[in-house]
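Q: One structure follows; several queries about it will come next.
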Amino acid sequence: MSLDHDQTTDARVRERGDSAVLRMSESALAQLGVIDAPAGVAHDLAEDETMFINMGPSHPSTHGVLRLMLELRGEMVVRSKPVIGYLHTGMEKQGEQLSYLQGTTNVTRMDYASPLFNELAFSMAVEELLGLEVPPRATWIRMLLTELNRMSSHLLFMATNGMDLGAVSMMIFGWREREEVLRFFEKVSGLRMNHNFIRPGGVAADLPDGWRDDVLRLLELIPPRLDEYDTLMTGQPIWQERLQGVGVLNTAEALALGVTGPLLRSTGYAWDLRRDMPYLAYDKVEFDVVVGTYGDSFDRYAIRLNEIRESMRIVAQILDQMPKGDYRVQDKKVTPPPRARIDESMEALIHHFKIFTEGFKVPEGEVYAAVESPRGELGCYIVSDGSAHPYRLRIRPPSLINLQCLPYLMQNGLIADAVANISSVDPIMGEVDR
Amino acid sequence: MDALLAVELAYWQQTTLRVIGGLVAVLLPAGTLVYVYLFKMMSFMQSRLGPMEAGPYGSLQLLAEVGKFLQKEDVIPAKADRWVFVAAPFVVLMSTFLLVLVLPVGPDLYFIDADTGVYLALAVSSISVIGILMAGWASANKYSLLGGLRAAGQLIAYELPLILAVVGVVIQAGTLNMQGIVFAQADGEIFGWGAIGNPFFLTQFLGFAIFLIAVQAELTQPPFDMPVAESELVAGYMTEYSGIRFLLFFIGEFATAGVFSALAAVLFLGGWYVPGIDSDSNLFNIIGPLALFAKMMFVAFLIFWFRFTLPRFREDQLQQLAWKYLIPISLVNIVATGVLKVVF
């Protein structure tokens, strides 16, 4: 058995085996002799020369309930297969039973590390069906919150990535900074996660008093902490050795596998929906799309770290440009009336009652809206039959699709690399299984 | 010990004293390290307070933890190799107890005054590998097995730099006797200047650095904690252990950290000697243990500082570090020490 990693370290574009092995069923994978070995792997092994190890669904570094079947030769991963479905809650199906107003409550629980993006994608899809024009302040509040959410999500990645690679202190540091952001979310929406704050027609409430100071405080607090990460991790020789050249992906492979987000950008392909298909008001702010060079785990780490900085740049611009006005559309059919109006006006009471019992009707049609979530392209596809519930709700989860590349990344690495790869894909299992 | 008390002791009395002394020498540093470094220093490094409820500043947390472990159900996996599984933690702990025997804590305070003290210390320290392999094999768990094998590979690889790092000290002191090494540092002088003696970390700085790195690997602490890497192998060879058996492993881990730190203090920092007092002074039988304890805490501080800061190596990088860098450097160190010893 060879522990020599020079091959993978030097050759930035790795030779890839037969992709058929990826499509094998779980039971077929278990029957060793039946399957042809992927090219590049000496598979003339006797049956007892490899060992199957079942990593997960309950394992410290599988980010929830991802299960991996690993075929090991010594410590080397010969083949691997992710098995999903342990967190399946039927949220997409449930979405068909819930009204459009309740829909955000449902979708926000999918990617629980970046809940606001789910709400945003869903709301944008519904608004497109309704033909609603969201007031500018709502748009900018959405931008502010989603950028802060991108920061908190990437900070969570910093924490888990550090933990997976054995840097115990890094875990706490990541959580610590994320907590600061979540504290702001709590002030805005009342909840740390699963906010249900972005809703079809705008946002649930205006920003609270003093929000500007809170955001400014975040902008002051986090950059020095990111520099600390640089000292602790980025420049650290062990950290570099563990991540550089590990889990290499090239652009063609990434595109073929449908990978998006930091994984795709790490290969040097600058694809960011915020810039390439601007939604909200991203065409009015200035930011850079961070790309990598080698497509390895280190690039993915560095991209996420720098995306936090870019997000802060965007947030600073949002602070300057935040318009005044309504935070939701004044369409009586979509927006519940203000509380005071209910006591005065019979009509308002009826509208309020109708919206919260039947929900509002959405014209027939189908629509796809996509946003750039911290993990990639998060899309929401809705088919409406003209009633108050979606006929079909489908979320394009970036985590699920990014997870496809895991067997590619892990092949011929060590177990330690496997863990680094899972970590750098950064899957959120709630979103994968939905 | 009888020299200090200046009384004749019967054999059973001596034995009792030695057993108590051994227990204290193993458990006291272990407890101190867990509280001061694992509970408190780690917490402060991570912007948190650590345990604060049990006793003032959480100082009784350790007792609470031990009580918790003692109450736990004793689980042995159905397919485990029962006797090996049960024996493994004791083998690991035994190596720690044997290791403490050669440590001199004062001019007349020692358990055994072996002429081959250093040799004995390094020999018994590798017994723990057997215990870890036993644990890994007997657990009937693939993660445990991988952890056990990783541990074996790692400990064998780092045994070598550990020994080679000490060779420089032995050459300089001209003896393998631990007490002799302390006296050599206490009475030595650096280019004719003997005010602080000659603590070997000044002249053997390479050896000291290599020794610390190798100790870190021997203790399987981050960045060398692959055998118990919780994000890869759950808990490696300790995965299936719970209750008192896990506690034994835990004590073994920290006691060994303490003993190795003390060993480093004896070999490189002058042991129980404090500059300014004549090394023949009987005073050292009282302040010697305290001085050694302080030095041990300093070395342990370095060890735990690395532990809480650095990410984990990968298995092949770990072997590379040992074979490509540490061993050649320590060989160069030995040659240089030998040449300089002859020249001066």
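Protein sequences, first through last, are from chains A and B. Each residue of the first sequence is one higher than the last, beginning at 1 in this note's numbering. Each residue of the second sequence is one higher than the last, beginning at 1001 in this note's numbering. Positions of the beta carbon are idealized from the N, C-alpha and C atoms, including for glycine.
1) Can you give the Cα-Cα distance for serine 80 (chain A) and leucine 305 (chain A), rounded to whole angstroms?
2) So, helix, strand or coil for arginine 394 (chain A), using DSSP?
3) Below 9 Å between beta carbons is the criterion; list the residues of the segment 1307-1318 of chain B that meet it against any residue of chain A, in chain order.
4) Taking a Cβ distance cut-off of 8 Å, strictly less, list which residues of the segment 1223-1257 of chain B are near chain A, in chain order.
5) Quick test of the definition: if touching needs 3 or more C-beta pairs under 8 Å, does the segment 1102-1115 of chain B touch the segment 1020-1028 of chain B?
6) Below 7 Å between beta carbons is the criterion; list the residues of the segment 1065-1088 of chain B that meet it against any residue of chain A, in chain order.
7) Thinking C-alpha only, which one of B:Val1182, B:Phe1301, B:Ile1163 is nearest leucine 1033 (chain B)?
8) On the premise that aspartate 296 (chain A) lies in contact with leucine 243 (chain A), defined as a C-beta separation below 8 Å, what is that separation, rounded to the nearest angstrom?
9) Between glutamate 75 (chain A) and chain B, is there a C-beta pair that is closer than 9 Å?
10) By the criterion of Cβ-Cβ separation under 7 Å, what are the contact partners of aspartate 214 (chain A) in chain B?
11) Go through its chain and collect everything with a Cβ distance to threonine 1096 (chain B)'s Cβ below 7 Å, but skip five positions before and after it.
12) Can you pull out the residues from the segment 410-423 of chain A whose beta carbon lies closer than 9 Å to at least one beta carbon of chain B?
13) So for glycine 268 (chain A), helix, strand or coil by DSSP?
14) Among the residues of its own chain, which have a CB less than 6 Å from the CB of alanine 1186 (chain B), if the five just before and after it don't count?
15) Find the residues of chain A that neighbour lysine 1142 (chain B), judging by a C-beta separation of less than 9 Å, and give them in chain order.
16) Three or more C-beta pairs under 8 Å: does that hold for the segment 125-135 of chain A against the segment 310-320 of chain A?
17) By the DSSP assignment, the beta strand (DSSP E) with tyrosine 1119 (chain B) in it spans what residues?
18) Any beta-carbon of chain B closer than 9 Å to the one on glutamine 244 (chain A)?
19) Specify whether the segment 1231-1238 of chain B and the segment 1065-1076 of chain B touch according to this definition: at least 3 beta carbon pairs, one from each stretch, less than 8 Å apart.
20) Out of curiosity, what's the CA-to-CA distance linking phenylalanine 1200 (chain B) and phenylalanine 1224 (chain B)?
21) Any beta carbon from chain B within less than 9 Å of glutamate 220 (chain A)'s own beta carbon?
22) Less than 9 Å between the beta carbons of alanine 522 (chain A) and glycine 379 (chain A), yes or no?
23) Quick one: using the 10 Å Cβ neighbour count with 16 as the cut-off for buried, is proline 1275 (chain B) buried or exposed?
24) Spatial neighbours of valine 1332 (chain B) within its chain, please: C-beta separation below 7 Å, excluding the five flanking residues on both sides.
25) Counting only beta-carbon separations shorter than 9 Å, does arginine 176 (chain A) have a partner in chain B?
26) When you compare each of A:Phe117, A:Ala418, A:Met171, A:Asn161 to proline 398 (chain A) by their alpha carbons, which one comes out closest?
27) Can you tell me the Cα-Cα spacing of tryptophan 424 (chain A) and asparagine 161 (chain A), whole angstroms?
28) Per the DSSP calculation, tyrosine 368 (chain A) is bridged to which residue(s)?
29) I believe methionine 76 (chain A) touches leucine 280 (chain A) by the beta-carbon criterion, under 8 Å. Please report the beta-carbon distance rounded to the nearest angstrom.
30) 9 Å is my cut-off, CB to CB: does leucine 1263 (chain B) come that close to chain A?
31) Checking the sheet assignment: what are the DSSP bridge partners for leucine 70 (chain A)?
32) Counting only beta-carbon atoms, is serine 1047 (chain B) nearer than 9 Å to chain A?
33) Using only alpha-carbon positions, find the residue among A:Val126, A:Met410, A:Tyr368, A:Ala204 that is nearest to glycine 190 (chain A).
34) What separation, rounded to the nearest whole angstrom, lies between the Cα atoms of glycine 1243 (chain B) and glutamine 1221 (chain B)?
35) Skipping 5 residues on each side, what residues in its chain have a beta carbon closer than 6 Å to that of alanine 167 (chain A)?
36) Go through its chain and collect everything with a Cβ distance to threonine 267 (chain A)'s Cβ below 7 Å, but skip five positions before and after it.
A: According to the data block:
1) 28 Å
2) strand
3) Arg1307, Phe1308, Thr1309, Leu1310, Pro1311, Arg1312, Phe1313, Arg1314, Glu1315, Asp1316, Gln1317
4) Pro1223, Asp1225, Met1226, Ala1229, Glu1230, Ser1231, Glu1232, Leu1233, Val1234
5) yes
6) none
7) B:Phe1301
8) 7 Å
9) yes
10) What aspartate 214 (chain A) touches in chain B: nothing, since even the nearest Cβ is about 20 Å away.
11) Val1026, Gly1252, Ala1255, Thr1256, Val1259
12) Leu414, Ile415, Ala416, Asp417, Ala418, Val419, Ala420, Ser423
13) coil
14) Gly1197, Tyr1273, Ser1279
15) Met51, Phe52, Ile53, Asn54, Leu72
16) no
17) Per DSSP, tyrosine 1119 (chain B) belongs to no beta strand (DSSP E); it is in the alpha helix (DSSP H), 1117-1125.
18) no
19) no
20) 26 Å
21) no
22) Limits of chain A in this structure are 1 at one end and 434 at the other, which puts residue 522 (chain A) out of reach.
23) exposed
24) Sequence-distant Cβ neighbours of valine 1332 (chain B) in its own chain, meaning closer than 7 Å and more than five residues away, do not exist here.
25) yes
26) Ranking the options by Cα distance to proline 398 (chain A), first place goes to A:Phe117.
27) Here residue 424 (chain A) turns out to be serine, not tryptophan, going by the sequence shown. Roughly 7 Å separates the two Cα atoms.
28) A:Tyr381
29) About 46 Å separates the two Cβ atoms, so there is no contact after all.
30) no
31) A:Ile53, A:Ser80
32) Chain A places a beta carbon closer than 9 Å to that of serine 1047 (chain B), counting this residue as a contact.
33) A:Ala204
34) 21 Å
35) none
36) Cβ contact annotation for threonine 267 (chain A) (same chain, cutoff 7 Å, sequence separation greater than five): Leu249, Asn250, Thr251, Ala254, Gly292, Gly295, in chain order.
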